[in-house]
Amino acid sequence: MTAFKPLVFSGVQPTGNLHLGNYLGAIKKFVALQDTSDCIYCVVDLHSLTAQLVHEDLKDQTRAITAAFLASGIDPRKHIVFNQSRVMQHAELAWIFNCVARIGWMNRMTQFKDKAGKDRENASLGLLAYPSLMAADILVYRATHVPVGDDQKQHLELTRDIAQKFNNDFSDRIAGLGVGVEMKVGEETVNGFFPLTEPIIGGPAARIMSLRDGSKKMSKSDPSDLSRINLTDDADSISKKIRKAKTDPEALPGELDGLAGRPEAENLVGIYAGLAEISKEAVLKEFGGQQFSVFKPALADLAVEKLAPVAGEMRRISGDRAYVDAVLSDGGERAGLLAEATMKTVRDIIGLLQG
Ligand code: AQP
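Residues 1 to 355 (the UniProt record's numbering) are what the sequence shown spells out, left to right.
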């Protein structure tokens, strides 16, 4: 039985300063996966248009995210790093997926509901169709694994739904052209052109929450800078933000159960665990019974120790704009070849008249 070749794909939007949530929830995983898989990492600039259509500095923000990838340790020679808009096949496949996916599926997305707010009728069509473009980003490479934070879980389920519907709708043509790959869906073995991509989510830092409100995720678009630790923050800012982070008056518990109903405490413990690459249980073993007056300085020291080298590298790499642009251009060319190979077959499957 042939199988899909394992391939990792993920993306980050150039919508502002990267924060600790992006770093622990996504980028650190990108770096770790490089040792075991072929990886494609993309700055998803077309996606960012759903947040803000007119950008003063979209090019520089795209370069800044690229610099963060490289500074964190992603190797652009062994893997592929590029920005989405260079490879037009993403948008082409997204259009096809717009015709495969159902409006009801999009309407159910919690990210759409959150971002559209009360005035949904006035939200852009792009915001509604965001998950369809995300599915295209992944499936134009027939990627099998996607490392993301927990907030993207629903979008990845939708990516699987789109792949499955495409495979079903075109099953005869896929079989006729002999371009299907066998895969397991539950108990059944089915033949499809697109893989049912697996999310890679998990660990203690899959969803880092705001430092000001343990019920909201840490986000680039939160108006309060105190809510997040930016990858570009200096040591003083990191320490100040952790010192001011909202907590409760109790000491840290010795066991995980003791964090129930204490979202801010749980968040800080998760951040420590993510940075130290240990479990939350191990953090509580060390700090159980201690007050935040002891835990917060230890967390601040750890955050500075882990983030300062990344921030320094980011500054150095950002200073070499020609290098960053060359990485994106080279990555775009390599990604474009892979994407075009997929699209040639997709056009055949659909029956579009080709040159
Ligand atoms: N708080 C978080 N905890 C863990 N992972 C997170 N991610 C984002 N926030 C957290 C993960 O980071 C990757 C890139 O995210 P993105 O920039 O493409 O999109 P986003 O999820 O919309 O990020 P933000 O920071 O919340 O931006 P805004 O404020 O613009 O919406 C993804 O893998 C994401 O899961």
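Quick reminder that beta carbons are idealized off the backbone N, C-alpha and C, glycines included. Treat the numbers as computed from the prediction; the structure is a model and nothing was measured.
To the nearest angstrom, how far is it from the Cα of residue 356 to the Cα of Q152?
Residue 356 lies beyond the range of the chain shown here (1 to 355); nothing can be said about it.
Which two residues bound the contiguous alpha helix (DSSP H) that contains K78?
Sequence index remark: in the sequence shown, residue 78 carries index 78 (1-based). First-last for K78: undefined, no H or E at that position.
Contacts around D348, its chain only, beta-carbon distance under 7 Å, and the 5 residues preceding and following it disregarded:
Position 348 of the sequence shown, counting from 1, holds the residue named residue 348. If we look at D348 and ignore the five residues flanking it on each side, its Cβ neighbours are L177.
Can you grab the Cα-Cα spacing for the pair K344 / L125, in whole Å?
For the purposes of this step, residue 344 is identified with residue 344 of the sequence shown, where counting begins at 1. For the purposes of this step, residue 125 is identified with residue 125 of the sequence shown, where counting begins at 1. Approximately 27 Å, taken between the alpha carbons.
Just the C-alpha distance for H90 and N230, rounded to the nearest angstrom, thanks.
Position 90 of the sequence shown, counting from 1, holds the residue named residue 90. Position 230 of the sequence shown, counting from 1, holds the residue named residue 230. Approximately 29 Å between the Cα atoms of the pair.
Minimum C-alpha distance to N191 - residue among E198, A175, P204
Indexing the sequence shown from 1 puts residue 191 at position 191. Taking only the C-alpha atoms, the option nearest N191 is A175.
For the alpha helix (DSSP H) containing V283, name the first residue and the last one.
One-based indexing of the sequence shown puts residue 283 at position 283. Taken as a continuous stretch (DSSP letters only), the alpha helix (DSSP H) holding V283 covers 280-287.
Closer than 8 Å to a non-hydrogen atom of the ligand AQP - does that hold for the CB of S227?
In the sequence shown, the residue the question calls residue 227 occupies position 227. No, the ligand AQP has no heavy atom inside 8 Å of this Cβ.
First and last residue of the uninterrupted alpha helix (DSSP H) at P195:
Taking the sequence shown and counting its residues from 1, the one referred to as residue 195 is at position 195. Neither: P195 is in no alpha helix (DSSP H) and is coded neither H nor E.
Cβ of Y90 versus every heavy atom of the ligand AQP: is any distance shorter than 8 Å?
Counting from 1 along the sequence shown, the entry for residue 90 is found at position 90. The sequence as given places His at residue 90; Tyr does not occur at that position. For the ligand AQP, not one heavy atom lies less than 8 Å from the Cβ of H90.
Please list, following the chain, all residues that have a C-beta closer than 5 Å to any non-hydrogen atom of the ligand AQP.
V12, Q13, T15, G21, N22, G25, A26, V148, G149, D151, Q152, R207, I208, K217, M218, S219, K220, S221
How would you write the range of the alpha helix (DSSP H) that Y323 sits in, first residue to last?
As a working mapping, residue 323 is identified with position 323 in the sequence shown. 321-350 is the extent of the alpha helix (DSSP H) around Y323.
Could you tell me if R160 is buried or exposed, where buried requires 16 or more neighbouring beta carbons within 10 angstroms of its beta carbon?
Start at 1 with the first residue of the sequence shown, and residue 160 comes out as number 160. R160 comes out buried.
By alpha-carbon positions, which one of P14, A339, T66 ends up nearest to D45?
Residue numbering aside, residue 45 sits at position 45 when the sequence shown is read from its first letter. Per the Cα distances, P14.
Are the Cβ atoms of F295 and L252 separated by less than 9 Å?
The residue you call residue 295 lines up with position 295 of the sequence shown. The residue you call residue 252 lines up with position 252 of the sequence shown. Yes.
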